[in-house]
Amino acid sequence: MNPADLFQTATELMADYAELLDADRLEEWLDLFTEDATYDVVPRENVEQGLAVSLMVCANKAQLRDRITALRQANEYNLHYDCHLVSGVRARATDEGIVQVSANYAVFQTNLEGQSRLFSVGRYQDCARVVGSRLLLCKKRVIVDTFSVPTLLATPL
Amino acid sequence: MKQEMSDLSAIRVDWPRLDYSRIPFWLYHDPEVYRQEQERIFKGKCWSYVALEAELPNPGDFRTTYVGETPVIVARTDGGDLAAMVNRCAHRGAIVRREPRGNAREHTCIYHRWCYGQDGSLTGVPFRRGVKGKGGMGPDFRLEDHGLQKLRVASHSGAIFVTFSHQTEPLEQYLGPVFTKHLSRIFNRPLRVLGYQRQRIAGNWKLYLENQRDTYHGSLLHEFQSTFGTSRATQSGGVTMDDSRRHNLSYARAGTDNDQEFKALYKENKVHESKLRLEDPSMVRNIREFDDGISLAICGLFPNATIHQISNSLGTRQLRTFGPDEFELYWTLFGYEDDSPEMTQHRLSQANMVGPAGLISMEDGEAIEITHRATKSEPRTACSVLEMGGAGPIMNLEHRVNDIAVRGFWSGYARMMGFAPEGAEQ
Chain Y
12 MNPADLFQTA
22 TELMADYAEL
32 LDADRLEEWL
42 DLFTEDATYD
52 VVPRENVEQG
62 LAVSLMVCAN
72 KAQLRDRITA
82 LRQANEYNLH
92 YDCHLVSGVR
102 ARATDEGIVQ
112 VSANYAVFQT
122 NLEGQSRLFS
132 VGRYQDCARV
142 VGSRLLLCKK
152 RVIVDTFSVP
162 TLLATPL
Chain C
74 MKQEMSDLSA
84 IRVDWPRLDY
94 SRIPFWLYHD
104 PEVYRQEQER
114 IFKGKCWSYV
124 ALEAELPNPG
134 DFRTTYVGET
144 PVIVARTDGG
154 DLAAMVNRCA
164 HRGAIVRREP
174 RGNAREHTCI
184 YHRWCYGQDG
194 SLTGVPFRRG
204 VKGKGGMGPD
214 FRLEDHGLQK
224 LRVASHSGAI
234 FVTFSHQTEP
244 LEQYLGPVFT
254 KHLSRIFNRP
264 LRVLGYQRQR
274 IAGNWKLYLE
284 NQRDTYHGSL
294 LHEFQSTFGT
304 SRATQSGGVT
314 MDDSRRHNLS
324 YARAGTDNDQ
334 EFKALYKENK
344 VHESKLRLED
354 PSMVRNIREF
364 DDGISLAICG
374 LFPNATIHQI
384 SNSLGTRQLR
394 TFGPDEFELY
404 WTLFGYEDDS
414 PEMTQHRLSQ
424 ANMVGPAGLI
434 SMEDGEAIEI
444 THRATKSEPR
454 TACSVLEMGG
464 AGPIMNLEHR
474 VNDIAVRGFW
484 SGYARMMGFA
494 PEGAEQ
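Sequence lines, in order, name chains Y and C.
Sequential numbering from 12 applies to the first sequence in the numbering used here.
Sequential numbering from 74 applies to the second sequence in the numbering used here.
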């Protein structure tokens with residue numbers, strides 16, 4: 012892929028990602044990941060200290076599906092809408108066939124009374140792979156600047 | 074330690090009952106109650122948890138933290154001793170040390186560069202002798218009168234506590250035998266800090282202390298934990314308090330019930346009939362690591378700490394208050410230095426179960442916020458009802474579906490606040 016196409020494809024992947032999360036289409040959101048994908052939401056203060064603790068961590072796609080299943084069937088959380096704003100997308104192809112994709116994100120949360128608040132800002136540092144005609148995430152790493160999490164974190168960032 | 078409790082006129086509380094089975098909702102919201110809590114509890118005769126010694130291994134290491142809402146520095150001096158002081162410049166009141174952690178020989182306020190040693194003693198003031206023979210501090214200004222406010226520090230098994238009052242009993246006595254033993258149990262060998270999680274909850278801090286002492290909600294609110302046997306009402310376990318009723322330990326043993334018994338009970342009580350299955354159940358595996366067989370231990374140390382063992386997730390939670398309507402939980406997750414790489418991985422995987430996104434703990438944030446919101450406008454006569462496990466005397470119990478330690482908390486708290494009713498249960 013030439014750089015312009017690569018950028019376009021990565022930007023579309025990010026747009027799909029945000030749209031599916033915000034529309035609560037979490038089962039379809041899972042389809043954006045490869046079977047061997049890892050998913051990790053990590054506080055920036057841990058990253059800076061070289062500490063490994065995450066807020067959410069899934070070592071494979073089965074664990075990511077389990078997270079969504081638990082959210083649907085077991086967990087109670089604040090009822091809300093999410094709105095992701097993703098900007099500053101960058102994509103860089105590596106020799107190993109992996110595309111490194113990074114972007115800034117902001118997630119606004121709106122409660123069912125119609126009040127919105129800035130819930131989380133941070134950075135995506137991802138890896139993606141071309142599978143067929145699509146670019147799929149094989150590593151999603153969310154580095155959270157808002158690491159003093161307001162209320163709780165239930166839906167993926 | 075200069076300031077002892079200032080004049081605080083006792084708040085009047087009309088307790089409907091003497092056994093703390095009714096708690097007036099306004100106690101979560103009243104600004105004067107909150108103000109007096111800072112003085113009588115956080116700056117009073119209590120030991121507050123601030124850090125682990127494992128987080129301050131080297132001379133000069135410091136961390137900034139909070140006791141209640143007061144900013145505090147905790148440090149290891151070059152002599153190897155622990156020191157703690159209020160993180161507020163003696164000159165104009167600015168925050169002295171703004172970084173969350175670091176290593177330093179001295180702490181200097183950026184505003185006018187007043188400089189303090191590792192123990193908070195004032196060591197230098199710029200232009201103290203004036204400029205070209207003019208100005209400067211008066212002749213009676215003495216450095217030793219203007220240090221950072223120093224706190225008493227003590228540690229038990231590597232957990233560091235501070236107190237503002239010289240009247241507080243020694244730490245071991247304050248914790249009591251059950252809790253010193255529990256700390257020795259969980260901090261039984263050198264620790265390795267694995268990382269931090271934080272959560273800000275829009276609710277009164279006492280709602281969290283109640284939540285940690287409330288063994289009734291565990292398997293009801295947190296369906297994930299009952300489904301996978303992390304905590305169920307059918308397991309053997311109990312609730313233990315200290316004599317002052319301030320501290321609390323609730324514990325359970327995995328594998329002491331069976332799935333059929335659990336499912337029948339929860340179905341009969343119309344709670345939930347969980348269909349949840351995990352594709353990859355490796356995370357919920359409990360690797361037995363304590364001889365007593367206890368697989369879940371939630372230890373609340375009044376006023377600001379929880380020490381948790383949830384399967385193989387080990388952690389401390391420090392509570393910081395930010396007004397009557399907000400608090401932060403600061404979770405420090407740890408393992409042991411001699412953990413195998415596999416065990417470390419397992420503990421990191423179980424971090425999924427705790428903290429603000431915890432599969433078995435996220436619900437607490439929501440439960441506290443909806444309680445705080447709905448009780449705000451209630452009249453002074455409106456109360457919660459705490460009768461599960463029976464009203465009347467407050468005692469340790471060998472079962473886990475009860476409100477007993479919540480009532481115990483209120484009895485200890487009311488005494489410290491000076492508004493316990495005459496003849497109250499203790």
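Backbone N, C-alpha and C fix where the C-beta goes; we use that ideal spot for every residue, glycine too.
Because the structure is a prediction, the values reported are computed rather than measured.
TODO: Please determine, among C:Asn321, C:Thr313, C:Thr138, the residue with the shortest C-alpha to C-alpha distance to leucine 283 of chain C.
DONE: In the sequence as displayed, the identity of residue 283 of chain C is glutamate instead of leucine. Ranked by Cα distance from glutamate 283 of chain C, the first of C:Asn321, C:Thr313, C:Thr138 is C:Asn321.
Task: Minimum Cβ-Cβ distance from tyrosine 88 of chain Y to chain C less than 8 angstroms - done: Judged by the 8 angstroms Cβ criterion, tyrosine 88 of chain Y is in contact with chain C.
TODO: Measure the Cβ-Cβ separation of phenylalanine 260 of chain C and alanine 227 of chain C and say whether it is below 8 angstroms.
DONE: No, the pair does not count as a contact, with Cβ atoms beyond the cut-off.
Open item on the list: Please classify glutamine 423 of chain C as buried or exposed, where buried requires at least 16 other C-beta atoms within 10 Å of its C-beta.
Closed with: With 16 or more other Cβ atoms within 10 Å, it is buried.
Task: Assigned secondary structure, tryptophan 404 of chain C (DSSP; H/G/I helix, E/B strand, else coil) - done: Secondary structure at tryptophan 404 of chain C: strand, using DSSP grouped into helix, strand and coil.
Open item on the list: Whole angstroms are fine: how far does the CA of valine 251 of chain C sit from the CA of asparagine 115 of chain Y?
Closed with: Distance between the alpha carbons of asparagine 115 of chain Y and valine 251 of chain C: 49 angstroms.
Task: Reference threonine 454 of chain C; option with closest CA among C:Leu81, C:Asp411, C:Asp87, C:Leu421 - done: Measuring C-alpha to C-alpha distances from threonine 454 of chain C to each of C:Leu81, C:Asp411, C:Asp87, C:Leu421 identifies C:Asp87 as the nearest.
Task: Straight-line gap, leucine 43 of chain Y to alanine 139 of chain Y (C-alpha atoms, nearest Å) - done: Going by C-alpha positions, leucine 43 of chain Y is about 10 angstroms away from alanine 139 of chain Y.
Task: Validate contact between the segment 404-422 of chain C and the segment 54-70 of chain Y using beta carbons, cut 8 angstroms, 3 pairs - done: Because the criterion of three Cβ pairs below 8 angstroms is met, the segment 404-422 of chain C and the segment 54-70 of chain Y touch.
Open item on the list: Counting only C-beta atoms, is serine 113 of chain Y closer than 8 angstroms to chain C at any point?
Closed with: Interface residue (Cβ-Cβ distance to chain C less than 8 angstroms): serine 113 of chain Y is not classified as such.
Open item on the list: By the three-class DSSP mapping on this structure, what secondary structure does aspartate 33 of chain Y have?
Closed with: The three-state reading of DSSP puts aspartate 33 of chain Y in helix, counting H, G and I together.
TODO: Compute the Euclidean distance between the alpha carbons of glycine 485 of chain C and glutamine 499 of chain C, then round it to the nearest angstrom.
DONE: Looking at the two C-alpha atoms, the distance is approximately 7 angstroms.
- [ ] Could you spell out where the beta strand (DSSP E) holding tyrosine 189 of chain C opens and where it closes?
- [x] First-last of the beta strand (DSSP E) with tyrosine 189 of chain C: 188-190.
TODO: Examine chain B for any beta-carbon lying closer than 8 angstroms to the beta-carbon of alanine 102 of chain Y, and answer yes or no.
DONE: In the structure shown, chain B does not exist; the protein chains are Y and C.
Task: Reference alanine 156 of chain C; option with closest CA among C:Asp398, C:His472, C:Phe234 - done: Answer by Cα proximity: C:Phe234.
- [ ] Classify lysine 279 of chain C as buried or exposed, calling it buried when 16 or more other Cβ atoms lie within 10 Å of its own Cβ.
- [x] Per the 10 Å Cβ criterion, buried.
Task: chain Y contact residues for serine 422 of chain C, given Cβ-Cβ distances below 8 angstroms - done: Result: Val68, Ala70.
Task: Identity of the residue in Y:Val160, Y:Phe158, Y:Thr157, Y:Leu147 nearest alanine 26 of chain Y by Cα - done: Measuring C-alpha to C-alpha distances from alanine 26 of chain Y to each of Y:Val160, Y:Phe158, Y:Thr157, Y:Leu147 identifies Y:Leu147 as the nearest.
- [ ] Please find out if some non-hydrogen atom of the ligand NAD comes closer than 7 angstroms to the beta-carbon of arginine 90 of chain C.
- [x] Questions concerning the ligand NAD fall outside what the structure shown contains, since it holds no ligand whatsoever.
TODO: Just the chain C side, please: which residues come within less than 9 angstroms of glutamine 126 of chain Y by C-beta, in chain order?
DONE: Near glutamine 126 of chain Y there are no residues of chain C at all, since even the closest Cβ is about 12 angstroms away, more than 9 angstroms.
- [ ] Taking only the alpha-carbon atoms, compute the straight-line gap between serine 450 of chain C and glycine 125 of chain Y and give it to the nearest angstrom.
- [x] Computed Cα separation, rounded: 21 angstroms.
TODO: Please list the segments of the alpha helix (DSSP H) lying wholly inside the segment 41-121 of chain Y, counting only runs of 4 or more residues, in order along the chain.
DONE: Within the segment 41-121 of chain Y, the complete alpha helix (DSSP H) segments at least 4 residues long are 55-60, 72-84, listed from N- to C-terminus.
Task: Range of the contiguous beta strand (DSSP E) that encloses methionine 314 of chain C - done: Counted as a single uninterrupted DSSP element, the beta strand (DSSP E) harbouring methionine 314 of chain C occupies residues 310-314.
Open item on the list: Taking the beta strand (DSSP E) that methionine 461 of chain C belongs to, which residues open and close that run?
Closed with: Neither: methionine 461 of chain C is in no beta strand (DSSP E) and is coded neither H nor E.
Open item on the list: Suppose you measure from the CA of valine 159 of chain C to the CA of leucine 221 of chain C; what does that come to, to the nearest Å?
Closed with: If I take the Cα positions, the gap works out to 6 angstroms.
- [ ] Look at the alpha carbon of serine 309 of chain C and the alpha carbon of glycine 366 of chain C, and state the distance between them as a whole number of angstroms.
- [x] Rounded to the nearest angstrom, the two C-alpha atoms are 10 angstroms apart.
Task: First through last residue of the beta strand (DSSP E) which encompasses arginine 271 of chain C - done: Counted as a single uninterrupted DSSP element, the beta strand (DSSP E) harbouring arginine 271 of chain C occupies residues 264-274.
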